[in-house]
Amino acid sequence: MIPFLQNLIDAVSLGSIYALVALGIGLLFGILRLINFAHGDFITVGAYALIVPSADVTARLLIGGWPWPLMIPTICLIVIVAALLTDALVFRPLRRASSPTLMIASFAVSYIIQNGVLMAYGARPKAVDLWSGANSQILIGELRVPMLQLVTLVVTLVLMGGLTLFLKKTPYGIQMRAAAEDFRMAQYLGVRGNLVIGLAFAISGILAGVVSLLTTTQSGSLSHMMGVPLALFAFVAVVVGGMGSLVGAVVGGFTIGLIVTMLQAYLPPDLRAFRDAFAFAFVILVLLVRPSGLVPARNTIERV
Amino acid sequence: MGTAMRLLARHQTPLLLILCLGLIAGFSLVGGDAVQVTLTEMFIRVVVVVGLFVFIGNSGIISFGQVGFMCIGAYAAAWATAEPSFKQIMLQGLPVLLQENQLPFWAAILGAIVLPALVAFGLGLAIMRLSGTAASIATFAFLIIVNSVYANWDSVTAGVSSIVGIPTVVGPWTAYAFAGLAILAAYGFQVSRFGLMLRASRDDEVAASASAVKVVRMRLVAFVLSAAITGMGGGLYAQFLGILTVDPFYLSLSFITIAMLVVGGQASLTGAVAGVVAVTAVVEVLRVLERGIALGGTTLALPAGSQEIGLGLVMALILIFRPNGLSRGRELVLPSRRLKPAAPSALSPQPETAS
Amino acid sequence: MAPLLAVDNIQVRYGDLVALRGVSLTVAEGEVVCIIGPNGAGKSTTMAAIAGGVVPHAGDIRLDGASIRGERPEKIARLGVSLVPEGRHVFGTLTVDENLAIGGQLRGDRAAARADRERILSLLPRLGERLHSPAGRLSGGEQQMLAVARAVMTRPRLLLVDEPSLGLAPKIIDQIYEILLDLRRQASLTLLINEQSSTRILKHADRISVLRGGRIQLEGRAADLKDGEAIRQAYFGFGERAAQPAEASA
Numbered sequence: 001m002i003p004f005l006q007n008l009i010d011a012v013s014l015g016s017i018y019a020l021v022a023l024g025i026g027l028l029f030g031i032l033r034l035i036n037f038a039h040g041d042f043i044t045v046g047a048y049a050l051i052v053p054s055a056d057v058t059a060r061l062l063i064g065g066w067p068w069p070l071m072i073p074t075i076c077l078i079v080i081v082a083a084l085l086t087d088a089l090v091f092r093p094l095r096r097a098s099s100p101t102l103m104i105a106s107f108a109v110s111y112i113i114q115n116g117v118l119m120a121y122g123a124r125p126k127a128v129d130l131w132s133g134a135n136s137q138i139l140i141g142e143l144r145v146p147m148l149q150l151v152t153l154v155v156t157l158v159l160m161g162g163l164t165l166f167l168k169k170t171p172y173g174i175q176m177r178a179a180a181e182d183f184r185m186a187q188y189l190g191v192r193g194n195l196v197i198g199l200a201f202a203i204s205g206i207l208a209g210v211v212s213l214l215t216t217t218q219s220g221s222l223s224h225m226m227g228v229p230l231a232l233f234a235f236v237a238v239v240v241g242g243m244g245s246l247v248g249a250v251v252g253g254f255t256i257g258l259i260v261t262m263l264q265a266y267l268p269p270d271l272r273a274f275r276d277a278f279a280f281a282f283v284i285l286v287l288l289v290r291p292s293g294l295v296p297a298r299n300t301i302e303r304v
Numbered sequence: 001m002g003t004a005m006r007l008l009a010r011h012q013t014p015l016l017l018i019l020c021l022g023l024i025a026g027f028s029l030v031g032g033d034a035v036q037v038t039l040t041e042m043f044i045r046v047v048v049v050v051g052l053f054v055f056i057g058n059s060g061i062i063s064f065g066q067v068g069f070m071c072i073g074a075y076a077a078a079w080a081t082a083e084p085s086f087k088q089i090m091l092q093g094l095p096v097l098l099q100e101n102q103l104p105f106w107a108a109i110l111g112a113i114v115l116p117a118l119v120a121f122g123l124g125l126a127i128m129r130l131s132g133t134a135a136s137i138a139t140f141a142f143l144i145i146v147n148s149v150y151a152n153w154d155s156v157t158a159g160v161s162s163i164v165g166i167p168t169v170v171g172p173w174t175a176y177a178f179a180g181l182a183i184l185a186a187y188g189f190q191v192s193r194f195g196l197m198l199r200a201s202r203d204d205e206v207a208a209s210a211s212a213v214k215v216v217r218m219r220l221v222a223f224v225l226s227a228a229i230t231g232m233g234g235g236l237y238a239q240f241l242g243i244l245t246v247d248p249f250y251l252s253l254s255f256i257t258i259a260m261l262v263v264g265g266q267a268s269l270t271g272a273v274a275g276v277v278a279v280t281a282v283v284e285v286l287r288v289l290e291r292g293i294a295l296g297g298t299t300l301a302l303p304a305g306s307q308e309i310g311l312g313l314v315m316a317l318i319l320i321f322r323p324n325g326l327s328r329g330r331e332l333v334l335p336s337r338r339l340k341p342a343a344p345s346a347l348s349p350q351p352e353t354a355s
Numbered sequence: 001m002a003p004l005l006a007v008d009n010i011q012v013r014y015g016d017l018v019a020l021r022g023v024s025l026t027v028a029e030g031e032v033v034c035i036i037g038p039n040g041a042g043k044s045t046t047m048a049a050i051a052g053g054v055v056p057h058a059g060d061i062r063l064d065g066a067s068i069r070g071e072r073p074e075k076i077a078r079l080g081v082s083l084v085p086e087g088r089h090v091f092g093t094l095t096v097d098e099n100l101a102i103g104g105q106l107r108g109d110r111a112a113a114r115a116d117r118e119r120i121l122s123l124l125p126r127l128g129e130r131l132h133s134p135a136g137r138l139s140g141g142e143q144q145m146l147a148v149a150r151a152v153m154t155r156p157r158l159l160l161v162d163e164p165s166l167g168l169a170p171k172i173i174d175q176i177y178e179i180l181l182d183l184r185r186q187a188s189l190t191l192l193i194n195e196q197s198s199t200r201i202l203k204h205a206d207r208i209s210v211l212r213g214g215r216i217q218l219e220g221r222a223a224d225l226k227d228g229e230a231i232r233q234a235y236f237g238f239g240e241r242a243a244q245p246a247e248a249s250a
C-alpha cells in the first residue's frame, strides 16, 4: 500500500507541473486558437535567466542567487517580457492568419529561442543548485514526501485558485473569458483585442516562470532543450483534457502525470523505455474517440 | 508533332523543375568534396520536401510527422544493405533473411518506399477522418512515437548507438535522379483526378472539416504517397551518410523541412523545390559566414548557431510578409500567351478584415 | 447638419465573392432607419462594415463626419456604435450578469453604468430573474433581449440591430421592438435595423432602404412607401432592375 501511495504522491506532484504548463498552453489556445509550441521554451528562458550568461559547465547564479521574494517575481517578469515580445513581433502580425500558419509560426519561434539559448550559453547542460533544502523529506504518517513536491502542490493550488478568481471576479478576467468564447463579438462590445491577448501571454508567462523555477530546483540542471519534454507532455494533457477548456487542461495535466508515473512504476522493465510512445499513442486514441477531450469547452466542439 | 508540343507545354512544370535542378547538379562536376556533399544533401531534401508537399500542399493539412516516415525508410534501407557481420551481432531482432544477407541498392530503396507506405496506410486509416487541427496533432504524436520506438527497440535499430557500415552509394547524380523521380510522382498525383479533387476540398472549409468518405479516401492516398516519397528520401539518406542514428529524425529536421516548404510556398510543387534550393543557399551562406571571412588582417565571423536562428527568422518573416511563399502558390512555367499549363494557380486572395 | 452616420458607396469583397457593390445610406440622429432585403442581399455585411468587422475595399463610412472605415471594432464601439448581430451571439458560458458587465466595461463612469443596468433590468425583468444563469441556457427570445440589453449597456449613440426577429415567435418579436423603441425614446438612441420582412417595420421606421444583390435598389421615407408596392418591386426585382442576377453573399 505504501509504495502505491508513494507513487500516487509522485504522480500528483508531476501532474501539478504538467497542469501548470498545460494551463499556459490552454489559455493561449482558448483566446487565440494558437497551439504554442514555444511555451516550453519560455520555461527554458526563465531557467537560464537564473544564471550568468556564459558557456561554462558550472553555472554561476545571477538572479538565482537573490533572496527568493525578489528572485521569483524577477524571473516571472523576464518570462512575461519574452512572451509579450513574441506576441508583438510574431503573433500580432499573424492575427488574421489561419490555424496551420499559426502552428508553424510558433514552431519557428520555438526553434529560434532554443538556438538562441544554445548560442548564448553553449550546448552542454549546466549544473545549478537553487535550493538545497528541496529534497529534505517530511514524514506524513509512514510516507516520506520530499519538501519540493509539497511546495509544488501548494504553489499549483495557489496559482490555480488565483487564476480562477481572476477570471471569474475581475473585469479583465471576464473580458478574457468573453474573448475566448467569441473574440469578434467581444470586440464589437469594445473589448480591446490586443489587450486581452497580451494579458493571456502575460499570464502564460507567469505560469512558465513558476514552472521554470520548480523544474530547475527539481532537476538541478539546465539545457537548451529542457522545455521540450515538458511542453510535449503538457501538450498531450491539453488534448486529452480538452482544448479550449482550462479545467480540461488541469484535469489533463493530472491525468497525464498519473499515467506517466504509473507507467514508469508498473510497466514491465523491457517496455518501460517506450513510455513516451505509449503516452502519445494515447493521444491519438483520445483524438479518435473523443476529439474534444475529457472536459470539452462548450464552444470548442467545432474547433478540433 | 503539334500534339506532342502541346502536351509538353501543358506539363512543362515538372520538366522545367528537373531541368533547373540539373543545372545545379552540374556544379558537382567542378566542385570539391564539400560541394558534392552539399548537393547530395540538397537533392535528398528535395525528395523529402516534395514528399511533404504531396500531402500538405494538396490536402491543406500540416503534417509534422513525415520525418517519421523518413526515419522508417532510412532504417529499412539500412536493414537491407548493412553488412551481415554487423547485423548478426547488433541487430538480432531482424528477420534472419535480412541478418544474413546484404541486399542491393534497389532492394533497399524499395524497402524504403514500401514500409513507410504500409505504416502510413494503417495510420491514415485511423486519422485521415479527423479535422485538420486534430490530424496535425496526431501526426505530431506519430513523430514522437516513431522516435521513441526506434530509439529504444535496440534489437532492431541498435537503439541510441549507430548502425554503421552502410554502403555509401548515393552521390549527387543519384540523388538528383531520385529528386526527378519524386517530382514526376508528385506532379502525376497533382494533375490526377485525386489531386484535383483533394485540392478542391482543401479550399472549401466545410468539405475540409467533414469526414465525407470521398475526402477521407483522397487524403489517405495523398498521405500514403507522401510517406512513400519521404521514406524514399530516408533510404537515400541512409545510403549517403553510411551511418544511421535516430537523432536526426526529430523536431529539428521536421522544422527545417517544413520551413523549406513554407518558404518556397506550400501550395505548389515549384514552391517545394524552390524552398529547398533557397533555404539551402541561405544556410550555406550563413555557414560560410560562421566560419569567417578574412578581411584585411582579421576574420569576421558570425557566432555559431547563426544558421539556425537565421533560418528561424527567415521562416517567421515569410509567414508574416509573404505567407504564400516565394512561389506564391504558382507553378513554374515559361512565359507565353498561347500555352496554358495544367497545374493551376492555387490560392485566391484573402478577404480583408479588420484585426 | 451632418447625419450621424454616412455610408458612402462602400464595396466589400470576400475573396472572389462580391458582397456589396456600392452601398450608400445615411442615418440622421434620432432616426429609425430600416434596411430590408432578401436573404443574402448584403444586409449583415453592411452592418459588419459599419461596426468594423470587415473593411470595405472602396468607399467610406463616416460617423459625425469623421471617417471610421478600417478602424478596429473595439474603437468603433467606443465611438458610440453598438452591434446586435444576427444570431444573438451572447456569451453562452458567461452569466447574464457577466454579459451585461461586458457591455458596461467600456464606460468610464461606473455609477452611470450601474444606473443604466438598473434601468435596463427594470425594462426587462425576465433578465433580472435569470441574472446568474449561464446565458447559453436562455430561450431564443431571452437571448435576443440580452443581446440588445448588452449592446445598450455600452451607451451607444447608434445601435445596429441585425435581423432581431429571426427565429422568434411573433409575440416575442413585438416585445423586442417595443423595448427597442422604448430605449430609443429614453436614451435618445438612433436605430439602424436589418429585417427580411417589411410589414412590422413600416409601422416604426422613419426611412427605409431596400438592399438586393449588394446594392440599394430603393430608398425613401416610410410614410411615402406605405402602400408597399414600390418596396415589393425593389425587394423581388421586378421591373427594369430585374436584369441584375441576385448574388449570394455572407
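From first to last, the protein sequence lines stand for chains A, B and C. Residues 1 to 304 (the numbering used here) are what the first sequence spells out, left to right. Residues 1 to 355 (the numbering used here) are what the second sequence spells out, left to right. Residues 1 to 250 (the numbering used here) are what the third sequence spells out, left to right. Glycine included, C-beta positions come from ideal geometry on N, C-alpha and C.
| Check | Outcome |
| --- | --- |
| Entirely enclosed beta strand (DSSP E) segments - the region 51 to 114 of chain B, minimum 3 residues | none |
| Listed by chain order, chain B residues near A/L116 by CB distance under 8 angstroms | Rather than Leu, the amino acid found at residue 116 of chain A in this sequence is Gly. Those within 8 angstroms of A/G116 in chain B are G305 and I309. |
| Same chain, Cβ closer than 7 angstroms to C/A135, neighbours up to 5 away in sequence not counted | V90, F91, G92, L94, T95, V96, N99, Q143 and L146 |
| Amino acids of chain A, ordered along the chain, whose beta-carbon sits closer than 7 angstroms to that of B/G325 | Correct list: empty, because the minimum Cβ distance to chain A is about 11 angstroms. |
| Proximity test, Cβ basis, 7 angstroms: A/Y121 and chain C | no |
| Any C-beta of chain B under 7 angstroms from that of A/I284 | yes |
| Boundaries (first-last residue) of the alpha helix (DSSP H) holding C/A113 | R110 to L123 |
| Beta-carbon spacing of A/I287, B/A138 below 7 angstroms | Checking the displayed sequence, the identity of residue 287 of chain A turns out to be Leu instead of Ile. It is a contact, given that the beta carbons lie within the stated cut-off. |
| Three-state secondary structure (DSSP) of A/Q137 | strand |
| Three-pair Cβ contact test at 8 angstroms for the region 13 to 28 of chain A versus the region 205 to 217 of chain A | yes |
| Selected residue, minimal CA-CA separation from B/G292, among B/Q307, B/D154, B/S131 and B/R6 | B/Q307 |
| DSSP state of C/N99 mapped onto helix, strand, coil | helix |
| CA-to-CA distance, A/S54 to A/P125, given in whole angstroms | 12 angstroms |
| Buried or exposed by the 16-neighbour rule on C-beta atoms within 10 Å, applied to A/K168 | exposed |
| Neighbourhood of A/F91 by C-beta distance below 6 angstroms, restricted to the same chain and skipping five residues each side | none |
| Where C/R175 falls: helix, strand or coil (DSSP) | Just to set this straight, residue 175 of chain C is Gln in the shown sequence, not Arg. Here C/Q175 sits in helix by DSSP. |
| 8 angstroms CB neighbourhood of C/A246 in its chain, flanking five on each side removed | Its pLDDT being 47, under 50, C/A246 is placed unreliably by the model, and nothing is read from it. |
| Simplified DSSP state of C/N194, which is helix, strand or coil | strand |
| Simplified DSSP assignment, three categories, for C/D60 | strand |
| Cβ neighbour criterion (16 or more within 10 Å) applied to B/V96 | exposed |
| Alpha carbon of A/L258 to alpha carbon of A/G248, nearest angstrom | 15 angstroms |
| Option in B/M42, B/D154 and B/A278 with minimal Cα separation from B/I89 | B/D154 |
| Residue of B/F86, B/G233 and B/Y187 minimising C-alpha distance to B/I44 | B/G233 |
| Three-state secondary structure assigned by DSSP to A/A19 | helix |
| Residue environment, C/R232, which counts as buried when at least 16 other CB atoms sit within 10 Å | exposed |
| Identified DSSP bridge partners for C/Y14 | C/L17 |
| Through-space distance from B/M260 to B/V283, alpha-carbon basis | 11 angstroms |
| Terminal residues of the alpha helix (DSSP H) in which B/P14 lies | Q12 to A25 |
| Cβ pair B/A112, B/A151 closer than 7 angstroms | no |
| Distance CB(B/V54)-CB(B/F189) smaller than 7 angstroms | yes |
| Alpha helix (DSSP H) runs contained entirely in the region 111 to 162 of chain B, provided each spans 4 or more residues | 132 to 152 and 154 to 157 |
| 7 angstroms Cβ cutoff, C/A248 in contact with chain A | No answer about C/A248 holds up, because its pLDDT of 40 lies below 50 and its placement is not dependable. |
| Local Cβ density within 10 Å of A/Y266, reported as buried at 16 or more and exposed below that | exposed |
| Extent of the continuous beta strand (DSSP E) run through A/D276 | Looking at the DSSP string, A/D276 is not in any beta strand (DSSP E); the run it does join, the alpha helix (DSSP H), is R275 to V289. |
| Identified DSSP bridge partners for C/I208 | C/C34 and C/G220 |
| A/D56 - DSSP class collapsed to helix/strand/coil | coil |
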